[in-house]
Ligand SMILES: Cc1ncc(C[n+]2csc(CCOP(=O)(O)OP(=O)(O)O)c2C)c(N)n1
Ligand SMILES: [Mg+2]
């Protein structure tokens, strides 16, 4: 991790849009290589969430890789745990894991399982994979912060298909009831779930209006615009409502033959497709 002289190890490493974009690019490349090595994974959802993760881990979250349980750290939960490879890559870029360990993704005895496990991986706050649990846990964390008068923040990323889980709506209601202003929910609104679009499966629209009606301070942003994401995520919440961000994204973002296709939810790219994806992502022939 790059530490700018005069800044603390707990500060995020990126300064400015190009560093955040580079951080997000490295998340895409790391997760692509990990999935290719493992022969399994969820590349479409890794790529839709990569810019959001890049802004959070590169520009917003206060963390200490030498003390994953530092009490003052910001809490982050990737509720859509099937995008674990992108979370592991972000944690590696922040110094929680050696980069080479990413190549053990989902292997027997690896610390990096197919879904995040807090007992195995430093920096993972809670286990995810079964959809619909990350937001309720995040509400519990933010309630704890409120009761303690703590200044750290809690962030949770939920898939849009995942928003069909009823547990989320109970958690939304309670967070607003308690006025959990230190809690930020980000919905990765890529409009696809496993095998089909959200709207033809169990429609969510108008999602922003529903979140507002549940008492959340709701914003709709372009989930691939790192400046726009940084502006809203880095800004402390001075309201008395929890904050919801509907991030419009593209599943498979960055690779032409993956973008917007449900098939890439958990399809594994061939060696040739990995090469082609790297060319498109980096603009450089590998
Ligand atoms: C409770 C539960 N039901 C089903 C699954 C299987 N599953 C894994 S990912 C997924 C689709 C999730 O779609 P979405 O939340 O939109 O994620 P993204 O598009 O970001 O990949 C499903 C159904 C699961 N992990 N948990
Ligand atoms: Mg989705």
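Residue numbers (the working numbering): 5 to 290.
C-beta atoms are modelled at their ideal positions from N, C-alpha and C, and glycine is treated no differently.
Candidates the options: closest to residue i by CA position
| i | options | result |
| --- | --- | --- |
| residue 47 | 55, 57, 41, 36 | 36 |
| residue 147 | 283, 259, 193, 246 | 246 |
| residue 156 | 224, 34, 186, 63 | 186 |
| residue 29 | 242, 140, 202, 90 | 90 |
| residue 70 | 14, 55, 82 | 14 |
| residue 77 | 86, 216, 83, 61 | 61 |
| residue 145 | 261, 277, 284, 75 | 75 |
| residue 226 | 191, 142, 266, 124 | 191 |
| residue 111 | 279, 42, 125 | 42 |
| residue 67 | 151, 88, 12 | 12 |
| residue 117 | 38, 251, 224 | 38 |
| residue 200 | 87, 219, 264 | 264 |
| residue 179 | 88, 109, 149 | 149 |
| residue 102 | 34, 143, 122 | 34 |
| residue 136 | 152, 170, 151, 109 | 170 |
| residue 85 | 220, 122, 231, 217 | 122 |
| residue 204 | 253, 152, 266 | 266 |
Anticipated Cβ contact below 8 Å, residue i with residue j, distance rounded
| i | j | result |
| --- | --- | --- |
| residue 65 | residue 120 | With 8 Å as the limit, residue 65 and residue 120 do not qualify as a contact, their Cβ atoms being about 15 Å apart. |
| residue 282 | residue 189 | Their Cβ separation, rounded to whole angstroms, is 32 Å, which puts residue 282 and residue 189 out of contact at 8 Å. |
| residue 183 | residue 244 | 5 Å |
| residue 24 | residue 58 | 6 Å |
| residue 79 | residue 158 | 4 Å |
| residue 229 | residue 222 | Not quite, the Cβ-Cβ distance comes to about 17 Å (not below 8 Å), so this is no contact. |
| residue 106 | residue 93 | 6 Å |
| residue 278 | residue 40 | 5 Å |
| residue 1 | residue 285 | Nothing in the structure corresponds to residue 1, since the chain is present only between 5 and 290. |
| residue 138 | residue 160 | 5 Å |
Per DSSP, cross-strand counterpart(s) of residue i
| i | result |
| --- | --- |
| residue 113 | The partner list for residue 113 (beta bridge, DSSP) is empty, contrary to what the question assumes. |
| residue 163 | 192 |
| residue 82 | 161 |
| residue 251 | 192, 225 |
| residue 187 | 158 |
| residue 201 | 196 |
Determine contact between the segment 39-53 and the segment 127-147, defined as no fewer than three beta-carbon pairs at a distance below 8 Å. no
Mind the definition here: the segment 167-186 touches the segment 85-103 only if three or more C-beta pairs lie below 8 Å; say whether that holds. no
Stretch-stretch touch, CB-based, cutoff 8 Å, three pairs: the segment 263-277 with the segment 227-247: no
Evaluate contact between the segment 193-200 and the segment 161-169, counting only Cβ atoms and requiring at least three cross-stretch pairs below 8 Å. yes
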